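Undergrad: Its first residue numbered 6, the sequence shown is counted upward by one per residue in our numbering.
All residues carry an ideal CB built from backbone N, CA and C; glycine is no exception.
Note that the coordinates shown come from a computational prediction; the quantities given were computed from them, not determined experimentally.
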Amino acid sequence: MASVSIIPSGDYKTSYGSDTTIFPTRTSRNFAILGVVLLLACPAFMDRYWLSLLIQISYLGIAALGLNILVGFTGQISIGHSAFFGFGAFASAWLSNSVGVPVALAIPLAGVITTLVGLLFGMPAARLKGLYLAIATLAAQYILQDFFARADWFTGGTAGTIAEPLTIFGFAFDTDERFFYVALVALVVMYILATNLMRTRDGRALVAVRDHYLSAEIMGINLTKYRTMSFGISAFYAGIGGALYAHYLQFVSVEGFTILFSIQFLGMIIIGGLGSIMGTLMGTAFMVFLPEAMQALTKMVSGTALDTALNLKDNIAFLREMSIGLVIILFLVFEPDGLAHRWKQIKAYWKLYPFSH
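1) Taking all protein chains shown into account, decide if Trp-158 is buried (16 or more other Cβ within 10 angstroms of its Cβ) or exposed.
2) Check each candidate in Phe-28, Thr-25, Tyr-64, Lys-349 and name the one with the smallest Cα separation from Met-195.
3) Is the beta carbon of Leu-171 less than 8 Å from the beta carbon of His-252?
4) Taking the continuous beta strand (DSSP E) assigned at Ile-173, which residues delimit it?
5) Do the CB positions of Ala-243 and Phe-89 come within less than 8 Å of each other?
6) Whole angstroms are fine: how far does the CA of His-86 sit from the CA of Gly-93?
7) Please look up how many angstroms separate the CB atoms of Ser-267 and Gln-150, rounded, as I've assumed it's under 8 Å.
8) With a threshold of 16 other CB atoms inside 10 Å of the CB of Gln-300, please say whether the residue is buried or exposed.
9) Within 10 Å of its beta-carbon, does Met-224 have 16 or more other beta-carbons around it, so buried, or fewer, so exposed?
10) Name, in chain order, the residues that DSSP records as bridge partners for Ala-221.
11) Please classify Asn-227 as buried or exposed, where buried requires at least 16 neighbouring CB atoms within 10 angstroms.
12) Would you say the stretch 159 to 179 touches the stretch 195 to 209, given that touching needs at least three Cβ pairs under 8 Å?
13) With C-beta atoms as the reference, is Phe-236 less than 8 Å away from Leu-75?
14) Between which two residues does the beta strand (DSSP E) containing Ala-177 stretch?
15) Could you name the residues that DSSP lists as bridge partners for Thr-166?
16) On a CA-only basis, which of Ile-62, Leu-70, Thr-19 is nearest Ser-239? Give me that one, please.
17) To the nearest angstrom, how far is the alpha carbon of Thr-2 from that of Met-203?
18) Helix, strand or coil: how does DSSP classify Pro-129 here?
19) Count Cβ pairs between the stretch 277 to 295 and the stretch 100 to 108 that sit closer than 8 Å; are there 3 or more?
20) Is it buried or exposed, Ser-8, if we count other Cβ atoms within 10 angstroms and call 16 or more buried?
21) In three-state DSSP terms, what is Ala-7?
22) For the stretch 258 to 291, list the alpha helix (DSSP H) runs that are entirely contained and at least 4 residues long, ordered along the chain.
23) Sorted by chain position, which residues of the same chain lie with C-beta nearer than 7 Å to Ala-109's C-beta, five sequence neighbours on each side aside?
24) From which residue to which residue does the alpha helix (DSSP H) around Gly-105 run?
25) Using a 10 Å radius around the Cβ and a threshold of 16 neighbouring Cβ atoms, would you call Ser-220 buried or exposed?
26) How many angstroms separate the CA atom of Lys-356 from the CA atom of Gly-162?
So this is what it looks like as C-alpha cells:
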C-alpha cells in the first residue's frame with residue numbers, strides 16, 4: 006500500500022503523537038501552507054479554463070477520497086460510487102429548490118442524506134466480500150440510476166433539474182473566480198477531516214480490517230460495524246462532492262452518473278495510490294488533466310501521416326476514452342502503489358543520496 010512510509014535507517018519515533026502527526030517535518034507543513042496560499046492567488050492570474058479544471062479537481066477529489074477510505078483504507082470494493090455522487094448532487098438541488106433550504110446548508114445536508122443511503126446499501130454489503138461485494142455495489146449503481154430516471158419529484162426525471170448558485174449573505178458564488186474559493190475551502194476541510202480520522206481509533210480499526218480481517222476480529226474489532234461505517238463515510242464524501250458539482254454547474258442531469266464514471270473514480274485512487282490521502286488528490290489531478298492532454302494530442306495527430314497510416318479518421322476522438330483504460334492498466338502493472346508511493350521514493354532518494362539505505 007502507498008501508506009507505507011519510507012524513512013532512513015535509525016529514524017524512529019518515540020511517541021504515538023510523533024508517529025501520527027499530519028506533517029512528518031516542519032518543512033513539509035510549511036510547503037503545504039505555501040501551496041494553499043498560492044492556490045488562493047490563482048483567480049488573479051488564471052483564466053476560466055484553468056480555474057474550471059481546478060474546481061473539477063476539488064469536488065472530484067473530495068468524492069474520490071471517500072472511495073479511497075472505503076477501498077484503500079478498509080479493503081472493501083465499490084463500483085457504484087458515481088451513483089452516490091449523483092445522489093448528493095440531486096439531494097442538494099432538491100433541498101434548495103423544493104424544501105427551501107439555503108444552499109450553504111443544503112450542501113452538508115446532502116452529504117448527510119447520502120450517508121443514510123450509503124448505510125442502507127452498506128449494511129447488507131458489509132457481510133459480503135470479493136466478487137459478491139462488487140456485484141452488490143454494482144446493483145446499487147443501477148438501482149440509484151433507475152431511481153434518478155423515475156423520481157421526477159426529486160431529480161426532475163430525464164429532463165434533469167436546476168441547482169441554485171451558492172449565496173452567502175447576499176453574495177453569489179456564481180462565477181468560476183468566486184466558486185473556486187468555495188471548492189478550495191471544502192477540499193482543505195474534507196481532507197483535514199479524513200487525515201484526522203485515520204489518526205483516531207476508528208481510523209486504525211478500518212486499516213486493521215483491511216490488513217487482516219480475521220486478526221482484527223480476534224482483537225475485538227466489530228467487522229460489520231466498521232465495514233458499514235466505511236460505506237457511510239464514503240457516501241458522505243461522495244455526497245459533498247456531488248453537491249458542490251451541482252451548484253457549480255447549476256444543472257444536474259441523470260446521464261452524468263454512469264458506471265463509466267464509477268470506473269473513473271476507481272482509476273483516480275488506483276493511479277494516486279490506494280490507502281493514501283495525498284495520493285487521492287494526485288490521482289484526481291492526473292485523471293482531470295489526462296483527457297485535456299489527450300485532446301491536445303488528438304488535434305496534433307488529426308490529418309497527419311500517422312492518422313492516414315492507421316486509418317483513424319473519426320475514431321481519433323475515442324483516444325481520450327481509450328487512454329483512461331490504458332493508463333489504469335499501466336499503473337496496475339508498473340506502479341501498483343500509485344503516484345504517492347513514487348513521490349515518497351523520490352523524496353527518500355534525495356534525502357538519503359548518496360547512500361542506498
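TA: In this structure, then:
1) exposed
2) Tyr-64
3) yes
4) 171 to 173
5) yes
6) 11 Å
7) Not a contact, Cβ separation roughly 10 Å.
8) exposed
9) exposed
10) Paired residue(s): none; Ala-221 is not in a bridge.
11) exposed
12) no
13) yes
14) 176 to 178
15) Val-257
16) Leu-70
17) As shown, the chain starts at 6 and ends at 362. That puts residue 2 outside it, with no answer to give.
18) helix
19) no
20) Its pLDDT being 49, under 50, Ser-8 is placed unreliably by the model, and the measurement read from it follows with that caveat. Buried: at least 16 other Cβ atoms inside 10 Å.
21) In this predicted model, Ala-7 has a pLDDT of only 49, less than 50, meaning its place in the structure is not dependable; the value taken from the coordinates is given anyway. In this structure, Ala-7 counts as coil in the three-state DSSP scheme.
22) 264 to 277
23) Leu-171, Ile-173
24) First-last for Gly-105: undefined, no H or E at that position.
25) exposed
26) 56 Å
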